[in-house]
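Have a look at the structure below before the remarks.
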Amino acid sequence: MNDRDKSTSPRTVPIKSSNFSDATNAEIRRAAATGIYDIRGGGAKRVVPHFDDLLFLGASISRYPLEGYRETCETNLTLGTRFAKKPIHLDIPITIAGMSFGALSGVAKEALGRGATEAGTSTTTGDGGMTEEERRHSRTLIYQYLPSRYGMNPDDLRRCDAIEVVVGQGAKPGGGGMLLGQKISDRVAEMRNLPKGIDQRSACRHPDWTGPDDLEIKILELREITDWEKPIYVKIGGARPYFDTTLAVKAGADVIVLDGMQGGTAATQNIFIEHVGQPTLACIRPAVQALEDLGLHREVQLIISGGIRHGADVAKALALGADAVSIGTAAMIALGDNDPRWEAEYNEMGTTAGAYDDWHEGMDPAGITTQNPKLTGRFDPVLGGRRLSNYLKVMALEAQTIARACGKSHVHNLEPEDLCALTVEASAMTQVPIAGTNWIPGKKTIK
Amino acid sequence: MRIFDLETESLRTLNKMLQAKVHDTNQAHWQIENPKGGHAIAVGLDAFIEVTVIGSAGYYCGGMNKKATINVQGSVGPGVAENMMSGKIVVEGDASQYAGATGNGGMLVIKGNASSRCGISMKGIDIVVHGNIGHMSAFMAQSGNLVVLGNVGDAFGDSLYEARLFVRGEVKSLGTDCIKKEMRPEHLAILQRLLEEAGANCRAEEFTRYGSARKLYNFNVDNASAY
Ligand SMILES: Cc1cc2nc3c(=O)[nH]c(=O)nc-3n(C[C@H](O)[C@H](O)[C@H](O)COP(=O)(O)O)c2cc1C
Numbered sequence: 000m001n002d003r004d005k006s007t008s009p010r011t012v013p014i015k016s017s018n019f020s021d022a023t024n025a026e027i028r029r030a031a032a033t034g035i036y037d038i039r040g041g042g043a044k045r046v047v048p049h050f051d052d053l054l055f056l057g058a059s060i061s062r063y064p065l066e067g068y069r070e071t072c073e074t075n076l077t078l079g080t081r082f083a084k085k086p087i088h089l090d091i092p093i094t095i096a097g098m099s100f101g102a103l104s105g106v107a108k109e110a111l112g113r114g115a116t117e118a119g120t121s122t123t124t125g126d127g128g129m130t131e132e133e134r135r136h137s138r139t140l141i142y143q144y145l146p147s148r149y150g151m152n153p154d155d156l157r158r159c160d161a162i163e164v165v166v167g168q169g170a171k172p173g174g175g176g177m178l179l180g181q182k183i184s185d186r187v188a189e190m191r192n193l194p195k196g197i198d199q200r201s202a203c204r205h206p207d208w209t210g211p212d213d214l215e216i217k218i219l220e221l222r223e224i225t226d227w228e229k230p231i232y233v234k235i236g237g238a239r240p241y242f243d244t245t246l247a248v249k250a251g252a253d254v255i256v257l258d259g260m261q262g263g264t265a266a267t268q269n270i271f272i273e274h275v276g277q278p279t280l281a282c283i284r285p286a287v288q289a290l291e292d293l294g295l296h297r298e299v300q301l302i303i304s305g306g307i308r309h310g311a312d313v314a315k316a317l318a319l320g321a322d323a324v325s326i327g328t329a330a331m332i333a334l335g336d337n338d339p340r341w342e343a344e345y346n347e348m349g350t351t352a353g354a355y356d357d358w359h360e361g362m363d364p365a366g367i368t369t370q371n372p373k374l375t376g377r378f379d380p381v382l383g384g385r386r387l388s389n390y391l392k393v394m395a396l397e398a399q400t401i402a403r404a405c406g407k408s409h410v411h412n413l414e415p416e417d418l419c420a421l422t423v424e425a426s427a428m429t430q431v432p433i434a435g436t437n438w439i440p441g442k443k444t445i446k
Numbered sequence: 000m001r002i003f004d005l006e007t008e009s010l011r012t013l014n015k016m017l018q019a020k021v022h023d024t025n026q027a028h029w030q031i032e033n034p035k036g037g038h039a040i041a042v043g044l045d046a047f048i049e050v051t052v053i054g055s056a057g058y059y060c061g062g063m064n065k066k067a068t069i070n071v072q073g074s075v076g077p078g079v080a081e082n083m084m085s086g087k088i089v090v091e092g093d094a095s096q097y098a099g100a101t102g103n104g105g106m107l108v109i110k111g112n113a114s115s116r117c118g119i120s121m122k123g124i125d126i127v128v129h130g131n132i133g134h135m136s137a138f139m140a141q142s143g144n145l146v147v148l149g150n151v152g153d154a155f156g157d158s159l160y161e162a163r164l165f166v167r168g169e170v171k172s173l174g175t176d177c178i179k180k181e182m183r184p185e186h187l188a189i190l191q192r193l194l195e196e197a198g199a200n201c202r203a204e205e206f207t208r209y210g211s212a213r214k215l216y217n218f219n220v221d222n223a224s225a226y
């Protein structure tokens, strides 16, 4: 080939590396320029096996369906039947997950309480303690007992309806928290007993117990302080669900809350959110197996969270053996988080609706993840509560629709046999056969 | 005075009786016998009562205490006075790990030694230890005062916030962001009062004050290795 040919002959088109993608390279440059890792809110953004990889079979000749809207399909449940004198009764198997006052505004917490109460379910405090707003507006309020113990006190412990000992979170199993100085208003600072404007670190381990034997004694203490009235939940991140469930039950938990890796967080390193923990889908069966091996499935209730979006996700989690699900991110979106109506303001911050996750900076135009009164003033807690309750009711109806189609008179009667899997991975994780086969990876084929 | 024997009556009965608010007015005095290292003894109290434990207690003795005065005539296990709100707890013997963890108020006095992580995440409690304390004590301590008449183990005051630390003896090593600080008259006054309240027979001038260098308060990449 001579020089003249070179200019006219076809050339290899520029190909960008899938490994070093634009986003990856931009992050390398950002780290190089600032020396700070990326902190953000929300859950994993990458694709991992999820409920979408399962389908319901529906009814046919071998199973007959229930008449929609005519034949009842119950959604109610009771939590904390094992030891507590006052178990929790909920109308729907969808609860609001713990989200801290500090991360969220007081009005957003109030809206969560209003919405949950209207829909007949519970809401949960978070790192930073219990606020008056949420207690007043929540019929059933779960009080988190966290490593930081910010705002922890025996009076709130006694006026809650259940206690949730937080061992871990799906977004960051093994990690603590950080509330950056920008969000530390006077009220947040006072509740946490720290100076205003400094970064508040939340420890990753409890200060006064380690391991299952200590946890058992800690639970005894909490029960003794609260007259054995309150159900004790133990919340774990999706790390080793079989063993963690077993140990939490051994330590005396009434309810296990299991949060998979897609679960949201207020603020954590991006790398932690995306690379630590097991997908929600992979966590459910091992936890259910642990409960079955202990002979306590349904006696100790299992709440699943991490990426729950609609009634089908709810129904699938229940079919795999959960008693209820919990939502964080979806509840925030129902309240108005990341709503396109704030697009101009998102753009000003260099982001767009649906991608806004710098919640730790406290600039949320929707007034949800901020303590700035100018912004929180935009948020109407009554309307927010109404929107949340609508959304919760829709989810419950959707789960009922599926359950009826599978011939179930209670959503809890959904079972793995109602499902098939679309991928080998989902099949292996859930022990549900691949669609069109009776094959589960690693299992002998049954006829 | 009411004597309560844990050998013949249950922990549940004990705590239920102690937690009943009727004692608010009559300043009742309770004596608990045969604790035998039992856990969660006298937890969640909320009245101006006096409780004396004859013997040693296990985990979380006096946990979340409010108002009550508890005296343990023996030693205690981990987490004595954890998250205490107010009142006073005096341990005549030694204390295990996490003494006074996350305490919000009131006073904890250990006449003997305390183990590791004494005063961890303390949030306003005053702790006076007559003997020595172990490693990682006052880790992430937020506020309140920790007074040690004896010596202190490794990594003292690591990741400290605004708690004040006073030590009479030696400190084996300081944790990240904890430094020696000047003892000013207001500190001497606070310390002298605490020593008197804790029945410690020494002078505030014999102590050294430690506190936070406040370098970890806002994230800075040059301190990354310290986080
Ligand atoms: C803004 C926000 C704040 C949170 N704060 C807490 C908290 O204080 N304590 C906790 O245990 N989990 C916290 N979480 C995690 C949730 O409780 C829950 O595990 C998670 O949101 C469930 O996943 P989902 O967001 O996909 O529904 C938080 C989540 C979000 C989105």
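Chains as they are written, first to last, in numbering that gives the first Met the number 0: chain A, 0 to 446; chain Z, 0 to 226.
Backbone N, C-alpha and C define an ideal beta-carbon position, used for all residues, glycine too.
Opposite residue 201 of chain A in the DSSP bridges: which residues? A:176
Cβ-based contacts, 9 Å cut-off: residues of the region 48-63 of chain Z near chain D: Among the protein chains in the structure shown, which are A and Z, there is no chain D.
What does DSSP give as the partner residue(s) for residue 208 of chain Z in the beta ladder? Z:165, Z:180
Limits of the beta strand (DSSP E) - the one that residue 304 of chain A falls within: 300-304
At 7 Å on the CB atoms, spell out the chain A contacts of residue 100 of chain Z, in chain order. 206, 207
Using the beta-carbon of each residue, which ones in chain Z are nearer than 8 Å to residue 202 of chain A? 120, 139
Any chance the region 71-83 of chain A sits against the region 143-159 of chain A, with 3 or more Cβ pairs inside 8 Å? no
With a cut-off of 8 Å on the beta carbons, I'd call residue 260 of chain A and residue 169 of chain A a contact; round off their distance for me. 5 Å
Whose C-beta lies closer than 6 Å to the C-beta of residue 269 of chain A among residues of the same chain, with five residues either side of it excluded? 37, 39
Close-in-space but distant-in-sequence residues of the same chain around residue 377 of chain A (CB under 8 Å, 5 per side omitted): 364, 365, 366
Evaluate the contact criterion for the region 212-219 of chain A versus the region 136-153 of chain Z: three or more CB pairs, one atom per stretch, below 8 Å. no
Under 8 Å between the Cβ atoms of residue 262 of chain A and residue 287 of chain A? no
According to DSSP, simplified to helix, strand and coil, what is residue 155 of chain Z? strand
Contacting residues, own chain, Cβ-Cβ under 7 Å from residue 43 of chain A (five flanking each side not counted): 260, 261, 272, 273
With a threshold of 16 other CB atoms inside 10 Å of the CB of residue 18 of chain A, please say whether the residue is buried or exposed. exposed
So what does DSSP say about residue 234 of chain A, is it helix, strand or coil? strand
Under a three-way DSSP split, which group does residue 142 of chain A fall into? strand
Measuring CB to CB, does residue 162 of chain A end up less than 8 Å from residue 235 of chain A? no
Cα-Cα separation, residue 57 of chain A to residue 17 of chain Z: 57 Å
Under the criterion of a Cβ to heavy atom distance below 7 Å, does residue 234 of chain A qualify as lining ligand 1? yes
Residue 242 of chain A burial status per 10 Å Cβ neighbour count (16 or more: buried): exposed
Heavy atom of ligand 1 within 7 Å of residue 368 of chain A beta-carbon: yes
How far does the alpha helix (DSSP H) with residue 426 of chain A in it extend, from its first residue to its last? 423-429
Taking three-plus beta-carbon pairs below 8 Å as touching, is the region 189-198 of chain A in contact with the region 35-45 of chain Z? no
Ignore the nearest five residues each way along the sequence and tell me which others in residue 134 of chain A's own chain have a CB closer than 7 Å to its CB. 140, 158
Beta-carbon neighbours of residue 154 of chain Z, restricted to chain A and to distances below 8 Å: What residue 154 of chain Z touches in chain A: nothing, since even the nearest Cβ is about 15 Å away.
Using beta carbons (cut-off 8 Å, strictly below), is residue 3 of chain Z in contact with chain A? no
Pick out whichever of A:383, A:370, A:440 has its Cα sitting closest to the Cα of residue 186 of chain A. A:370
Compare the C-beta of residue 209 of chain Z against all C-beta atoms of chain A and say whether one is closer than 8 Å. no
Given residue 298 of chain A, which residues of its chain have a CB within under 7 Å of its CB, disregarding the five upstream and five downstream residues? 80, 81
In three-state terms, what does DSSP make of residue 161 of chain A? strand
Considering only heavy atoms of ligand 3, does any lie closer than 7 Å to the CB of residue 288 of chain A? No copy of ligand 3 occurs in the structure displayed; its ligands are ligand 1 alone.
Mind listing which residues of the region 25-39 of chain Z have their C-beta closer than 8 Å to chain A's C-betas, in chain order? 38, 39
Through-space distance from residue 88 of chain Z to residue 218 of chain A, alpha-carbon basis: 22 Å
Residue 303 of chain A vs residue 328 of chain A beta-carbon contact at 8 Å: no
Rounded to whole angstroms, what is the Cα-Cα separation between residue 120 of chain Z and residue 324 of chain A? 32 Å
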